[in-house]
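As you go down the protein sequences, you meet chains A and B in turn. Whatever position you read off the first sequence (first residue = 1), add 4 for the numbering used here. Whatever position you read off the second sequence (first residue = 1), add 707 for the numbering used here. A virtual CB, placed ideally from N, CA and C, is assigned to each residue, including glycine.
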Amino acid sequence: NAGVTQTPKFRVLKTGQSMTLLCAQDMNHEYMYWYRQDPGMGLRLIHYSVGEGTTAKGEVPDGYNVSRLKKQNFLLGLESAAPSQTSVYFCASSYYRGQETQYFGPGTRLLVL
Amino acid sequence: SQQGEEDPQALSIQEGENATMNCSYKTSINNLQWYRQNSGRGLVHLILIRSNEREKHSGRLRVTLDTSKKSSSLLITASRAADTASYFCASSSGNTGKLIFGQGTTLQVKP
Numbered sequence: 005n006a007g008v009t010q011t012p013k014f015r016v017l018k019t020g021q022s023m024t025l026l027c028a029q030d031m032n033h034e035y036m037y038w039y040r041q042d043p044g045m046g047l048r049l050i051h052y053s054v055g056e057g058t059t060a061k062g063e064v065p066d067g068y069n070v071s072r073l074k075k076q077n078f079l080l081g082l083e084s085a086a087p088s089q090t091s092v093y094f095c096a097s098s099y100y101r102g103q104e105t106q107y108f109g110p111g112t113r114l115l116v117l
Numbered sequence: 708s709q710q711g712e713e714d715p716q717a718l719s720i721q722e723g724e725n726a727t728m729n730c731s732y733k734t735s736i737n738n739l740q741w742y743r744q745n746s747g748r749g750l751v752h753l754i755l756i757r758s759n760e761r762e763k764h765s766g767r768l769r770v771t772l773d774t775s776k777k778s779s780s781l782l783i784t785a786s787r788a789a790d791t792a793s794y795f796c797a798s799s800s801g802n803t804g805k806l807i808f809g810q811g812t813t814l815q816v817k818p
């Protein structure tokens, strides 16, 4: 039981490049979330999904897209990376009904030059 | 910003002392949660307190919730060097499970 895993762990991009961050969970959780964490700040929600095939915007969605084609995977895409997207990205999942605890992945550190 | 606020931002204590962190939030909640983050790692859930609860204990952790003041506190008793980490409160409202995080308290426990 690996829990929540994230790929890659670290990436350097040039401005304008694109990339996809992958989040996978093996706990059969319905709900999945993408957050970003910047120095001195808590986590801010980018997008989330309440089930396979569904996605919704969070607090800071601009510049990101997501897809949830399979229940166990939640992808975060950056179509044209900007230096302001330099951050640490965390994925989380939860089985909402009756258990609101979120389980977090180890994070992806992204540097956009 | 929807973010909650935590204070203090940083706290440094000696091993064996108690550590108290405070959190304020902005909207009505279903529950409030506390998470811990070790340097360079993901967040780990510590404890959850529901809106109809006032106090909850888990081991050396004690959480209180005052919904009239929209505030919560986390007390870690008899702290250990291994408790050194950042601690975040997160409020949950609505039916999507979304969490609104505070900005965190960085705790350093000196041996």
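Does residue i come out as helix, strand or coil in the three-state DSSP assignment?
i, result
"residue 722 (chain B)", "coil"
"residue 88 (chain A)", "helix"
"residue 797 (chain B)", "strand"
"residue 789 (chain B)", "helix"
"residue 36 (chain A)", "strand"
"residue 60 (chain A)", "strand"
"residue 81 (chain A)", "strand"
"residue 9 (chain A)", "strand"
Taking its Cβ as the centre, do 16 or more other Cβ atoms sit within 10 Å of residue i, making it buried, or is it exposed?
i, result
"residue 14 (chain A)", "exposed"
"residue 83 (chain A)", "exposed"
"residue 751 (chain B)", "exposed"
"residue 764 (chain B)", "exposed"
"residue 60 (chain A)", "exposed"
"residue 10 (chain A)", "buried"
"residue 57 (chain A)", "exposed"
"residue 799 (chain B)", "buried"
Does the distance between the C-beta of residue i and the nearest non-hydrogen atom of the ligand MN fall short of 7 Å?
i, result
"residue 60 (chain A)", "This structure lacks the ligand MN, and indeed carries no ligand of any kind."
What residue range does the beta strand (DSSP E) around residue i cover?
i, result
"residue 3 (chain A)", "There is no way to answer for residue 3 (chain A), as the model of chain A reaches only from 5 to 117."
"residue 13 (chain A)", "That residue, residue 13 (chain A), is in no beta strand (DSSP E); it is neither H nor E in DSSP."
"residue 24 (chain A)", "23-29"
"residue 47 (chain A)", "47-53"
"residue 817 (chain B)", "812-817"
"residue 112 (chain A)", "112-116"
Just to make sure I have the definition right: I need the residues of chain A whose C-beta is within less than 9 Å of the C-beta of residue i. Which are they?
i, result
"residue 809 (chain B)", "46"
Quick one: list the residues of chain B neighbouring residue i, beta-carbon separation under 9 Å, in chain order.
i, result
"residue 110 (chain A)", "747, 748 and 749"
Report the neighbours of residue i on chain B: residues whose CB is nearer than 8 Å to its CB, in chain order.
i, result
"residue 54 (chain A)", "803 and 804"
Run down chain A in chain order and give the residues with a C-beta less than 7 Å from the C-beta of residue i.
i, result
"residue 758 (chain B)", "The contacting residues do not exist; residue 758 (chain B) stays about 12 Å from chain A at best."
"residue 764 (chain B)", "Simply none; closest approach about 17 Å."
"residue 799 (chain B)", "104"
By the criterion of Cβ-Cβ separation under 7 Å, what are the contact partners of residue i in chain B?
i, result
"residue 78 (chain A)", "Going along chain B, no residue has its Cβ under 7 Å from residue 78 (chain A), so there is no contact; the nearest lies around 14 Å."
"residue 2 (chain A)", "With chain A covering only 5 through 117, there is no way to say anything about residue 2 (chain A)."
List, in chain order, every chain A residue whose beta-carbon is nearer than 8 Å to that of residue i.
i, result
"residue 755 (chain B)", "104 and 105"
"residue 738 (chain B)", "104"
Completely contained beta strand (DSSP E) runs for the stretch 711-787 of chain B, where each covers 3 or more residues:
If we require 3 residues or more, the beta strand (DSSP E) runs fully inside the stretch 711-787 of chain B come out as 712-714, 717-721, 726-731, 738-744, 750-757, 762-765, 768-773 and 778-783.
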